[in-house]
Structures are given as structure tokens and as C-alpha cells.
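S.K.: Here you go, one structure.
In the UniProt record's numbering, the protein residues as written are 1 to 302.
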């Protein structure tokens, strides 16, 4: 990465102003120390929203592990039905990520939307906490929508228990800190990089030891395919003096068309919701199994 920044002016007459990264700080530290564009042009780090969203899920999973055998203020453990389940963790992390993406131009609005997730999820009929939920007519908050109609008929769904609510609140406080959210402005993501890495791993799997030369060939080939499609392989093969016929061209064109079609399908809201529903269903099945038979594995206990 440092080499890419160092050569950008010479090759392309441009300077990179930002570096989009995840939790790994080694690369950014190297850029900050070497200052490829001099002391007067400092590179800023931008957080990948996808990785920030995963932090919430990771923090909650750690909480489940820490409190798995400890009693909370209500005398119960943190897990179980109506508590901090895996499906609830997925939902909270998803809503947290949406709060950032939908308000990516304002840190203030991000914080407001994040705390709306906490308050809405923990609200009950006796203690509604919808202070930060949207109040506009088409709001997703059914409580605020009911205020304009008939609030007496509105009943809250089973919410997060008060003892669990108090335990997860510090996580929301940490992950809604202005310093972190400032790095999320713009709603940037590393998904294209992850997609390229996935393609490279198909050519050069991490499970199989490969020499540097093999890894470089895989990286070069898949970078070409990622940028220009599978049909770029025709040009590469011709450079080696090979004669290319229809039996090669047609399958490569079909691959590219299938890739475009699949990408468009995945962008559809219905497709996204179906994948998410499948993930939540799987989490609930795992939880049910754990409630019936108990955990078969605890990290560090074997």
C-alpha cells in the first residue's frame, strides 16, 4: 500500500487524500510515518462502514461470553429467550450500520439514529423510549406513527430486558462516539477490495501453500478479470501466441454476462432481505439447538 501511495504522483499525477481501512492500523501507521506527499499533505483515515458495523456484533458476542455464567441485575444470565440472542445481535448490528449509511453526511444525525436503535429496541408499554426515533408521517417507528392516530391501541412487541439494556448501553456509547463517526462520513466501504481478494483466493487458495510467483500470477490475473471481465483472458492468451477460437470466447462471454446479471440481482432490495432473513433464521435455529442441548464448545475450555 505504501508503494501505491509513493508512486501515485509519478504515474498518475495525483495524490490520495484518504485511506479506507478496517481495524488494522499497521498500514495507516506506515503511511503516517513515511508521509509520501510531504509534511504539508497528511493522509486521513476513513473507516469502512461494513467493518465498523461488525464491531458492534463482535462486542455483543464478547458480552455474551463474559456474562454467559454470570447473573445480571435481574438474577438471570444474558442469553436465552427474550435476552441477547444471536438473532438480536444480527438485527442490532444491521440497524446500527443502516443508521450510519442513511445519515452519512452528518455526525449529529448518525448519533441520533444510533441511539434511536437502542431506545426503540428497549422500549416497553410502561417505559417507551422513542425520543430519537423519526417523527415524520412515513416513519419506520410504529410508536411515533401511532401518536398521530390512536396511541391507545398500540402495543409494544417484546423488547430487550432492562438488565440486558443496561449491559449493552456502553457498547452503543462507544460505537456512537463522534471521533469514530467522523471517520464514517461519506459511508465508504472496502467491499470492492474484499471482492477482489475473494477472486484471488479462488486462483490461489489460502488453504494451499503457494510460492510467491504463483501468488503474483494469481493476483495479476484476477486483477485483470476484476477490472475488465473474463474476456480479458483472451488478450492474455493471445500475447502468449495461442490461437483463440469460438470454444474459448463464448464461455468467457457467458461468464461476464452471468456476473453482471448476478450483481444486478443482489442489488435488489427483495434479494437483500431474503439473504438477511435466511441468516436470521439460521441464527435462531442455532440458538434453539443450544437451549435444548447446551453449548458444545466454549473457547479456551478444552
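Glycine included, each C-beta is placed from N, C-alpha and C at the ideal position.
(1) On the three-state DSSP scale, how would you describe residue 103?
(2) By DSSP, does residue 301 sit in helix, in strand, or in coil?
(3) Which runs of the alpha helix (DSSP H), 4 residues or longer, sit entirely within the segment 179–236?
(4) Nearest to residue 73 by CA position, among 247, 167 and 5, is which residue?
(5) What does a CB cutoff of less than 8 angstroms around residue 176 pick up in its chain, not counting 5 residues either side in sequence?
(6) Are the beta-carbon atoms belonging to residue 94 and residue 152 less than 9 angstroms from one another?
(7) In angstroms, rounded to a whole number, what distance separates the CA positions of residue 302 and residue 136?
(8) Measure the alpha-carbon distance for residue 96 versus residue 227 and round it to whole angstroms.
(9) Since residue 45 is in the beta strand (DSSP E), which residue starts that stretch and which ends it?
(10) At the level of alpha carbons, what is the spacing between residue 178 and residue 48?
(11) Does the segment 191–209 come close enough to the segment 218–227 that 3 or more CB-CB pairs lie under 8 angstroms?
(12) Report the CB separation of residue 46 from residue 16 in whole angstroms; it is logged as a contact under 8 angstroms.
(13) Buried or exposed: where does residue 128 fall if 16 or more other Cβ atoms within 10 Å of its Cβ makes it buried?
(14) Indicate the three-state DSSP secondary structure (helix, strand or coil) for residue 19 in the structure shown.
(15) Do residue 100 and residue 187 have their beta-carbon atoms positioned less than 9 angstroms apart in this structure?
(16) Should residue 299 be labelled buried (16 or more other beta-carbon atoms within 10 Å of its own) or exposed?
(17) Give the range of the alpha helix (DSSP H) segment to which residue 160 is assigned.
(18) Across the segment 140–156 and the segment 57–71, are there enough close Cβ pairs to call them in contact, namely three or more that are closer than 8 angstroms?
(19) Let me check understanding here. Comparing Cα to Cα, which of 29, 32, 30 and 36 lies closest to residue 8?
(20) Mind checking residue 250: buried by the 16 CB within 10 Å criterion, or exposed?
(21) Would you kindly work out how many angstroms separate the C-alpha atoms of residue 296 and residue 171, rounded to a whole number?
(22) Going by the beta-carbon positions, is the gap between residue 132 and residue 92 smaller than 9 angstroms?
(23) Along the chain, where does the alpha helix (DSSP H) containing residue 72 start, and where does it finish?
(24) Which two residues bound the contiguous alpha helix (DSSP H) that contains residue 27?
(25) By a C-beta neighbour count over all protein chains shown, 10 Å radius and 16 as the cutoff for buried, is residue 89 buried or exposed?
M.R.: This is what the structure gives:
(1) As a working mapping, residue 103 is identified with position 103 in the chain shown. Residue 103: coil per DSSP, three-state reduction.
(2) Here residue 301 refers to the residue found at position 301 of the chain shown. Bear in mind that a pLDDT of 39 at residue 301, under 50, signals an unreliable position, so the number given afterwards is only what the model happens to contain. Coil.
(3) 191–203 and 212–228
(4) For the purposes of this step, residue 73 is identified with residue 73 of the chain shown, where counting begins at 1. Comparing Cα positions, the closest option is 167.
(5) Within the chain shown, numbered from 1, the residue matching residue 176 stands at position 176. Closer than 8 angstroms at the Cβ level, and outside the excluded window around residue 176, lie 110, 111, 114 and 115.
(6) In the chain shown, counting from the first residue as 1, residue 94 sits at position 94. In the chain shown, counting from the first residue as 1, residue 152 sits at position 152. Their beta carbons are not under 9 angstroms apart, which means residue 94 does not touch residue 152 by this criterion.
(7) Position 302 of the chain shown, counted from the start, is the residue given in the question as residue 302. Position 136 of the chain shown, counted from the start, is the residue given in the question as residue 136. At residue 302, the pLDDT of 32 sits below 50, so the modelled position is not reliable and the matter cannot be decided from this model.
(8) Sequence index remark: in the chain shown, residue 96 carries index 96 (1-based). Sequence index remark: in the chain shown, residue 227 carries index 227 (1-based). Computed Cα separation, rounded: 32 angstroms.
(9) Numbered from 1 along the chain shown, position 45 holds the residue referred to as residue 45. Looking at the DSSP string, the run of the beta strand (DSSP E) that includes residue 45 is 44–47.
(10) In the chain shown, residue 178 corresponds to position 178, counting from 1. In the chain shown, residue 48 corresponds to position 48, counting from 1. So the alpha carbons of these two residues sit roughly 15 angstroms apart.
(11) yes
(12) Translated into the one-based positions of the chain shown, residue 46 becomes position 46. Translated into the one-based positions of the chain shown, residue 16 becomes position 16. Not quite, the Cβ-Cβ distance comes to about 11 angstroms (not below 8 angstroms), so this is no contact.
(13) Mapped onto the chain shown, residue 128 falls at position 128. Answer is buried; the Cβ neighbour count reaches 16.
(14) Here residue 19 is taken as the residue at index 19 of the chain shown, counted from 1. DSSP places residue 19 in strand when its eight states are reduced to three.
(15) Stepping through the chain shown from its first residue, residue 187 is reached at position 187. Stepping through the chain shown from its first residue, residue 100 is reached at position 100. Yes, they are a contact pair.
(16) Within the chain shown, the letter at position 299 stands for residue 299. Because the pLDDT at residue 299 is just 41, under 50, the model does not fix this residue reliably, and the point stays unresolved.
(17) As a first step, residue 160 must be located in the chain shown, where it is residue number 160. Premise fails: residue 160 is in no alpha helix (DSSP H) and is neither H nor E.
(18) no
(19) Your numbering for residue 8 matches position 8 in the chain shown. Selected option, being the one with the closest Cα: 36.
(20) As a working note, residue 250 is residue 250 in the chain shown. Residue 250 is exposed by the Cβ-count criterion.
(21) The residue labelled residue 296 in the question sits at position 296 within the chain shown. The residue labelled residue 171 in the question sits at position 171 within the chain shown. Caution is warranted here: a pLDDT of 48 is assigned to residue 296, below 50, making its placement in the model unreliable, and the coordinate value is therefore given only provisionally. Using only the alpha carbons, I get a separation of about 27 angstroms.
(22) As a position in the chain shown, residue 132 is number 132, starting the count at 1. As a position in the chain shown, residue 92 is number 92, starting the count at 1. Contact: no.
(23) By one-based count along the chain shown, residue 72 stands at place 72. Residue 72 -> no alpha helix (DSSP H), and no H or E assigned at all.
(24) Here residue 27 refers to the residue found at position 27 when the chain shown is read from its first residue. It spans 26–34 - the alpha helix (DSSP H) in which residue 27 sits, taken as one unbroken run.
(25) One-based indexing of the chain shown puts residue 89 at position 89. It is buried - the Cβ of residue 89 has at least 16 other Cβ atoms within 10 Å.
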